[in-house]
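Here the protein sequences line up with chains A and B, keeping their order.
Each step along the first sequence adds one to the number in the working numbering, with nothing skipped, and position 149 is 136.
Heads up, the working numbering is the position in the second sequence plus 106, with the first residue counted as 1.
For reference, the structure is listed below as structure tokens.
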Amino acid sequence: MKSKIIIGNIVLLILVWLVSCGSSGCYENRSSIPIAALYATNAPTQAIAIDSVSLYGIGVSSQSLLLDCARQVSTMTMPLRNDADTTSYVIRYDMKALSHTSRYNDTITWVYTRYPYFISGDCGVVFNYVIDTICHTHNMLDSVAIMTDEVTNVSQETIRLYYYVPTE
Amino acid sequence: MYRPNNIWRVVLTFLCASIVQLLAAQRVVTPVESNDLPFELQKKEAAKALADTAAVDTAQTKEPLHKAPLFGGLMLTADLASPVMNLFGTQYGNYEVALEADIYHRFFPVVEVGLGTARYAPGENNYTYVCNPALYARLGANYNFFYNNGSESFIAVGLRYGLTGFSYQWQDITIDDPYWGSVDNISTPQQRAFAHWGEIVVALRVQVYHNFYMGWSGRYRLLIGCDTSTYGDPYFIPGFGPKDAGFAFTYTIGYRLPLGNSKKEIKLP
């Protein structure tokens, strides 16, 4: 009887070990990327979408575009540099109506501090950012509002870009 | 892995075992055989039988609540689960010993102390979590359901309160940035934290040879509080284990210190 209990204990230990080997996996974002949402200056609560927009970072090695003449753009994601405390992006407006003015570009510069943040055992570590200031040109872009100064792996509106939208 | 059904299964098992024990303890009533005596004599016999039963009942009420002595000795145990798991590749562990007193073989106040440490580097991930060796302690008690069955083994449930202070950091953090084409390799500064928690314990222990015992316990741990840092919550807490793991197991070997009078049972009258 006693030996059965001992064997049972050993079997239980092995079962526990087998069960404990499982991994729950990562169900969260594994990067922290700020999100810019587009709004109308003259109707600040109204989100807008614009056509023919391109977006790229200044200094990115291949000048690769995050947006390439995209249509119905209402939000933009702008990954921040991990090897610097500032990151600049160019928003290029490619609308035909603006073709006679050559192209209107706006530049947004993020100034921030960054720190590593442990999400979980399965998701690992990401960089989070605390935004100090945002500088921008005023060609088409009217103003910028910071909605949250901390950029984490939770998807949320970080800044709002306000454009003047003419009404009839 | 959290499995509430398993807890209910264990609770039901204990309930069933308790009911069986209670039923076994019921007094056996022997029916009085009918005979052909006159009615008056039958009444006298019945009265005599009733008096006998009452006498037996009086004797039974004198039975002590506990067959075992007040102090049954001390038990020293060591947990083998973490060292064994380390052999299978687990990169953290709690290495602990416990001292337990035997009160009536029913209540077992216990102190558990140990050293918890981690150097956890999941191969598929981008960090190494380092928890420097830190002391932890747990206080609590077990309650043995089968305290009067004359066995040295036990099945018990218990409660614990644990606490620890420790330091930790993340090292070798590698973060790729596919858009900007950079790869960073950094470490966080050393962080300090205090944590405390509660545990519900289900334990089984058997005597294997003279004063040597072997057993296991399943534990549900609930973190009461733990300091956090700018860089995130600690992954591993000494004495608690991984912060997101509610369940834990220990596998112990024990030695009953030759103290007290654990072998002496109170003789029934």
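Built from N, CA and C at the ideal position, the CB exists for glycine as well.
Computed from a predicted model, the values in this text were never measured in an experiment.
**chain B within 7 Å of A:Gly12, Cβ atoms only** = Counted from its first residue, the first sequence places residue 12 of chain A at position 25. Closer than 7 Å: no.
**Message:** In this structure, how does DSSP classify A:Leu67 when only helix, strand and coil are distinguished?
**Reply:** If you number the first sequence from 1, residue 67 of chain A lands on position 80. Here A:Leu67 sits in coil by DSSP.
**Message:** For B:Asn192, report the span of its alpha helix (DSSP H) as first-last.
**Reply:** One-based indexing of the second sequence puts residue 192 of chain B at position 86. Counting along the chain, the alpha helix (DSSP H) containing B:Asn192 begins and ends at Ala187 to Leu193.
**Asked** Thinking just about the alpha-carbon of each residue, which of B:Lys173, B:Asn248, B:Leu221 and B:Thr183 is nearest to the one in B:Arg325?
**Response** As a working mapping, residue 325 of chain B is identified with position 219 in the second sequence. Selected option, being the one with the closest Cα: B:Asn248.
**Prompt:** Do you know offhand how far B:Leu221's Cα is from B:Cys237's?
**Reply:** Position 115 of the second sequence holds residue 221 of chain B. Position 131 of the second sequence holds residue 237 of chain B. Approximately 11 Å, taken between the alpha carbons.
**Asked** So, helix, strand or coil for A:Thr139, using DSSP?
**Response** In the first sequence, the residue the question calls residue 139 of chain A occupies position 152. A:Thr139: coil per DSSP, three-state reduction.
**Asked** What are the boundary residues of the beta strand (DSSP E) that includes A:Pro103?
**Response** Along the first sequence, read from residue 1 onward, the residue named residue 103 of chain A stands at position 116. Tyr91 to Ser107 is the extent of the beta strand (DSSP E) around A:Pro103.
**Request:** Output the distance between the C-alpha atoms of B:Arg133 and B:Arg311, rounded to the nearest integer angstrom.
**Result:** For this step, residue 133 of chain B is matched to residue 27 along the second sequence. For this step, residue 311 of chain B is matched to residue 205 along the second sequence. Confidence at B:Arg133 is low in this model, with a pLDDT of 36, below 50, so its placement is unreliable and the value that follows should be read with caution. Straight-line Cα distance between these residues: approximately 30 Å.
**Request:** Mind the definition here: the region 22 to 30 of chain A touches the region 134 to 152 of chain A only if three or more C-beta pairs lie below 8 Å; say whether that holds.
**Result:** yes
**Request:** Return the first residue and the last residue of the beta strand (DSSP E) that B:Pro239 is part of.
**Result:** To locate residue 239 of chain B, count along the second sequence from 1; it is residue 133. Residues Thr234 to Asn250.
**Option in B:Arg362, B:Pro295 and B:Thr270 with minimal Cα separation from B:Ile330** = Looking up residue 330 of chain B in the second sequence gives position 224. When each option's Cα is compared against that of B:Ile330, the closest is B:Thr270.
**Message:** Considering only the alpha carbon of each residue, which of A:Val112, A:Gln33 and A:Gln143 lies closest to A:Cys13?
**Reply:** Walking along the first sequence from the start, residue 13 of chain A turns up at place 26. Here the closest residue by C-alpha is A:Val112.
**Asked** Going along chain B, which residues have a C-beta under 9 Å from A:Ile106?
**Response** Taking the first sequence and counting its residues from 1, the one referred to as residue 106 of chain A is at position 119. Simply Gly338.
**Message:** DSSP three-state label for B:Pro348, please.
**Reply:** Counted from its first residue, the second sequence places residue 348 of chain B at position 242. Three-state result, B:Pro348: strand.
**Item:** chain A contact residues for B:Asp333, given Cβ-Cβ distances below 8 Å
**Value:** Here residue 333 of chain B refers to the residue found at position 227 of the second sequence. The contacting residues do not exist; B:Asp333 stays about 14 Å from chain A at best.
**Message:** Could you tell me which whole beta strand (DSSP E) segments of length 3 or greater appear in the region 3 to 59 of chain A?
**Reply:** 22 to 27, 30 to 34, 40 to 44 and 52 to 57
**Asked** Which residues, in chain order, does the region 225 to 244 of chain B contribute to contact with chain A at a C-beta distance below 8 Å?
**Response** Tyr226, Pro228, Asn231, Asn232, Tyr233 and Tyr235
**Alpha-carbon to alpha-carbon, A:Asp70 and A:Ser19** = Here residue 19 of chain A refers to the residue found at position 32 of the first sequence. Here residue 70 of chain A refers to the residue found at position 83 of the first sequence. Distance between the alpha carbons of A:Ser19 and A:Asp70: 15 Å.
**Asked** When the Cα atoms are used, what is the spatial distance from A:Ser142 to B:Arg298?
**Response** Along the first sequence, one-based indexing puts residue 142 of chain A at 155. Along the second sequence, one-based indexing puts residue 298 of chain B at 192. Taking the straight line joining both Cα atoms gives about 30 Å.
**Item:** Proximity below 7 Å, CB of A:Asn16 to CB of A:Asn140
**Value:** Working through the first sequence from its first residue, we reach residue 16 of chain A at position 29. Working through the first sequence from its first residue, we reach residue 140 of chain A at position 153. Against a cut-off of 7 Å, the Cβ pair of A:Asn140 and A:Asn16 comes out as a contact.
**Among A:Ile78, A:Ile35, A:Gly44 and A:Ala23, the one whose alpha carbon lies nearest that of A:Asn126** = Here residue 126 of chain A refers to the residue found at position 139 of the first sequence. Minimum Cα distance to A:Asn126 is reached at A:Ile78.
**Request:** Compare the C-alpha of B:Tyr201 against each of B:Thr183, B:Gln275 and B:Phe214 and name the closest.
**Result:** Position 95 of the second sequence, counting from 1, holds the residue named residue 201 of chain B. Selected option, being the one with the closest Cα: B:Thr183.
**Prompt:** Hey, out of A:Leu52, A:Cys122, A:Ala23 and A:Tyr104, whose CA is closest to A:Ala34's CA?
**Reply:** Position 47 of the first sequence, counted from the first residue, corresponds to residue 34 of chain A. Here the closest residue by C-alpha is A:Ala23.
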